[in-house]
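S.K.: The sequence shown lines up with residues 991 to 1177 when you count with my numbering.
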Amino acid sequence: MVAIDPNIRALDLLGGAEAGFALSVLDSSPDCIKILDLDGQLRFMNGNGLCAIEIDDFASVDRRAWPALWPAAAHHLLNGALEAARQGQVTRFEAFCPTAKGTPRWWHVTVSPIRDRSGAVTRILASSRDVTDMAEARARLEEEIAKKDAAIARQKVLMGEIDHRVKNSFASVIGLLRMQARMQSTG
């Protein structure tokens, strides 16, 4: 079997005089850019994308259903985005998907239609940007906020207890002062 250069495949998929320019754009992006057929099967992935999701050879995923590369928990997002693209709409979402080698990653994904000259949707473009650092920072921030909220809640309980004790102490002092005042007025 003769290996087909994935760039040649991408040119065939994109077609037209502007295909070389389009291929340059695809390969220059640090994002994982995929061209899918209307059934959601992978037909092309740029070189940086292969590196980002740790796939050594595109042939290992060529013509595989794109959602099959994702955890089951994300399938509803992917299938919804594919259906929206078939209808000519752009969809964006963020989801977790480990790489092919198991490295945990979060992705910001944009799925959009590729149209022919007549405007018909003929392919689907899926672009995935690694946002793991941002997602992890967000998770750490949410954890810190939860800790601070818990500390504030404890502080409110403590302040309520202190307020209650101070009021009780004042009530005792006022009671003693009134009793002393009555004793002096009667004495």
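Glycine included, each C-beta is placed from N, C-alpha and C at the ideal position.
Is the number of C-beta pairs between the region 1055-1074 and the region 1028-1041 that are closer than 8 Å three or more?
M.R.: As far as the Cβ criterion goes, the region 1055-1074 touches the region 1028-1041, which means the pair count is three or higher.
S.K.: Report yes or no: do three or more beta-carbon pairs, one from the region 1094-1103 and one from the region 1068-1082, lie closer than 8 Å?
M.R.: Flag = yes, the region 1094-1103 and the region 1068-1082 touch.
S.K.: Since I1045 is in the alpha helix (DSSP H), which residue starts that stretch and which ends it?
M.R.: I1045 -> no alpha helix (DSSP H), and no H or E assigned at all.
S.K.: Using 10 angstroms around the beta-carbon of S1108, count the other beta-carbons present and answer buried if the total reaches 16, otherwise exposed.
M.R.: It counts as exposed.
S.K.: Can you tell me the Cα-Cα spacing of E1044 and R1144, whole angstroms?
M.R.: Distance between the alpha carbons of E1044 and R1144: 46 Å.
S.K.: Which residue marks the beginning of the alpha helix (DSSP H) containing L1180, and which one marks its end?
M.R.: Residue 1180 lies beyond the range of the chain shown here (991 to 1177); nothing can be said about it.
S.K.: Please check the pair L1072 and I1114, which I expect to be a contact at CB under 8 Å, by giving their CB distance rounded to whole angstroms.
M.R.: Yes, they are in contact, since the Cβ atoms of L1072 and I1114 sit about 6 Å apart, within 8 Å.
S.K.: Would you list the one or two residues that DSSP bridges to E1134?
M.R.: E1134 pairs with nothing; no bridge assigned.
S.K.: Indicate whether at least one CB of chain D lies closer than 8 Å to the CB of A1171.
M.R.: Any reference to chain D falls outside this structure, which holds one protein chain only.
S.K.: Express the C-alpha separation of A1042 and S1117 in angstroms, rounding to a whole number.
M.R.: Cα to Cα, S1117 sits roughly 12 Å from A1042.
S.K.: List the whole-angstrom C-beta distance separating W1097 from D1120, where the pair is believed to meet the contact cut-off of C-beta under 8 Å.
M.R.: About 6 Å; that satisfies the 8 Å criterion.
S.K.: For K1091, count the other beta carbons within 10 Å of its own beta carbon; 16 or more makes it buried, fewer makes it exposed. Which is it?
M.R.: Burial call: exposed.
S.K.: Let me check one thing: in DSSP terms, what residues is W1096 bridge-paired to?
M.R.: Partner(s): F1086.
S.K.: First and last residue of the beta strand (DSSP E) that includes L1026?
M.R.: Start and end: 1022-1026.
S.K.: With burial defined as no fewer than 16 other Cβ atoms inside 10 Å of the residue's Cβ, what is the status of G1039: buried or exposed?
M.R.: Buried, because 16 or more other Cβ atoms sit within 10 Å of the Cβ of G1039.
S.K.: For T1081, list the residues DSSP reports as bridge partners.
M.R.: V1101.
S.K.: When the distance is taken between beta carbons, is G1037 closer than 8 Å to D1021?
M.R.: No, the pair does not count as a contact, with Cβ atoms beyond the cut-off.
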